[in-house]
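Accompanying notes for the structure given below.
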Amino acid sequence: MKQYHDLLEQVLNHGISKGDRTGIGTISSFGHQMRFDLQKGFPLVTTKRVPFGLIVSELLWFIKGDTNIRYLLEHNNHIWDEWAFKNWVESDEYTGPDMTDFGLRSLNDEEFNLDYKAEMKRFQEKVLTDDSFALKYGDLGAVYGKQWREWQKSTGDTIDQLKEVIASIKHNPDSRRHIISAWNPEDIPNMALPPCHTMFQFYVGDGKLSCQLYQRSGDLFLGIPFNIASYALLTHLIAAECGLKPGEFIHTIGDAHIYSNHLDQVNTQLSRSHKSLPTLRIDSGKSIFELEPSDISIDNYEPHPAIKAPVAV
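Residue numbers (my numbering): 863 to 1175.
In structure tokens, the structure reads:
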């Protein structure tokens, strides 16, 4: 994972200061690429603990075509909570304390943070127990799973991009069209968050499956370690589905940035030494569309301790 550390250092030392949608501000650099040979270990960052279980449940959520956070909450995954919560607290039906700019205020106002945590817990419980509430406020709109599995056509029917790509890899492996896009301009207004990982392409060679991701925007400290591991896992799963070995994961990033409130955390991480990469275990002969989180695990993952940092919403 030296490539990842090198990118952190490059952006930290040579990036430019930019404003951003969240109001926090970033150090940013444009246009970078990393390559990971999946035969040499699973690319999960070792200079801090990355919760692999969250990566697994989020990826399977995408693969299922799900866009409602109830599935994630059922698997104790809170990656997407803030975006769904934002929809609720900005609605006419919300009657609790004012949650305007809750992301920033919760960092700087301890009294407000207590209210925020209480409202978030109430929100999570309602999504888990109230079907109509979950349908209305747990759904994030036409995000990744929708685009992967149910791309809306102008004719009214849909395209299952994931199934079509798997069929293409199996029956026409030399094709240069093994592509899935999550960037659907017409649906952007209907998404809680426009896709950061916008499109990816598969390549078959020498009995191996490789994947290249184009990511328009990457939060280097919090998001990118998840993205690397998620698409490496996806490459493994689709390779298994197609009777191939995993090859490379190539990660191309547009705006690679470090949030201004992550600088101390980045410096702490850069001070740590790398450890051996873990190995991936897939314990089931199920189809990719039938997998559950319990079917996927890693062995020999012994990272440095986690480093906490706030999420920019």
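By construction, the Cβ of each residue, glycine as well, lies at the ideal position given by its N, Cα and C atoms. Since the structure is predicted, the reported quantities are computational estimates derived from the model, not experimental observations.
With a Cβ-Cβ cutoff of 7 Å, do residue i and residue j count as a contact?
i       : j       : result
Glu958  : Glu981  : According to the sequence shown, residue 958 is Gly rather than Glu. Contact: yes.
Phe1064 : Leu1075 : no
Ala1044 : Gln1009 : yes
Pro1155 : Val918  : yes
Val1005 : Arg932  : no
Asp928  : Gly1003 : no
Leu934  : Trp923  : yes
Pro1172 : Leu969  : yes
Cys1104 : Ile1041 : no
Phe892  : Asp1157 : no
Gln1077 : Ile1115 : yes
Ser826  : Gly887  : What the structure shows of the chain is the stretch from 863 to 1175, and residue 826 is not part of that stretch, so it cannot be assessed.
Return the CA-CA distance between residue i and residue j, expressed in angstroms with no decimal places.
i       : j       : result
Tyr1163 : Thr909  : 11 Å
Leu1099 : Asp971  : 43 Å
Gln1037 : Pro1167 : Sequence inspection shows Ser at residue 1037; the Gln mentioned does not correspond to that position. Straight-line Cα distance between these residues: approximately 43 Å.
Ala1102 : Glu1152 : 13 Å
His1136 : Phe904  : 14 Å
Asn1046 : Met1053 : 10 Å
Val1109 : Leu1096 : Per the sequence shown, the amino acid found at residue 1109 is Gly instead of Val. Approximately 12 Å, taken between the alpha carbons.
His1119 : Ser1079 : 8 Å
Ala946  : Asp1001 : 7 Å
His828  : Gly1067 : Nothing can be reported for residue 828, as the shown portion of the chain is limited to 863 through 1175.
Phe1083 : Asn875  : 15 Å
Ile889  : Asp882  : 10 Å
Phe914  : Ile1160 : 8 Å
Lys983  : Asp977  : 10 Å
Ala1029 : Phe974  : 51 Å
Lys948  : Gly1085 : 20 Å
Label residue i either buried or exposed according to how many other C-beta atoms from any shown protein chain fall within 10 Å of its C-beta, with 16 as the threshold for buried.
i       : result
Asp1081 : buried
Asp943  : buried
Asn1089 : buried
Ser848  : Any property of residue 848 remains undetermined from this structure, which presents the chain solely from 863 to 1175.
Arg897  : exposed
Leu1132 : exposed
Taking 7 Å as the CB-CB cut-off, is residue i touching chain D?
i       : result
Asp1126 : This model lacks chain D altogether; it includes just one protein chain.
Flag residue i as yes when its Cβ comes closer than 6 Å to any non-hydrogen atom of the ligand FMN, and as no otherwise.
i      : result
Pro959 : This structure does not include the ligand FMN; it has no bound ligands of any sort.
| request: Check whether the stretch 938-949 touches the stretch 1008-1025, counting contact only when three or more Cβ pairs, one atom from each stretch, lie closer than 8 Å. | output: no
| field | Complete runs of the alpha helix (DSSP H) confined to the stretch 1118-1149 [at least 4 residues] | value | 1125-1132
| said: Restricting to runs no shorter than 4 residues, where is the alpha helix (DSSP H) found entirely within the stretch 1084-1119? | reply: 1085-1103
| message | Just to confirm the assignment: which complete alpha helix (DSSP H) runs, minimum length 4, are found wholly within the stretch 927-997? | response | 932-936, 943-951, 964-970 and 972-991
| field | Validate contact between the stretch 1117-1130 and the stretch 1141-1148 using beta carbons, cut 8 Å, 3 pairs | value | no
| message | Which complete beta strand (DSSP E) runs does the stretch 885-932 hold, if anything under 3 residues is left out? | response | 888-899
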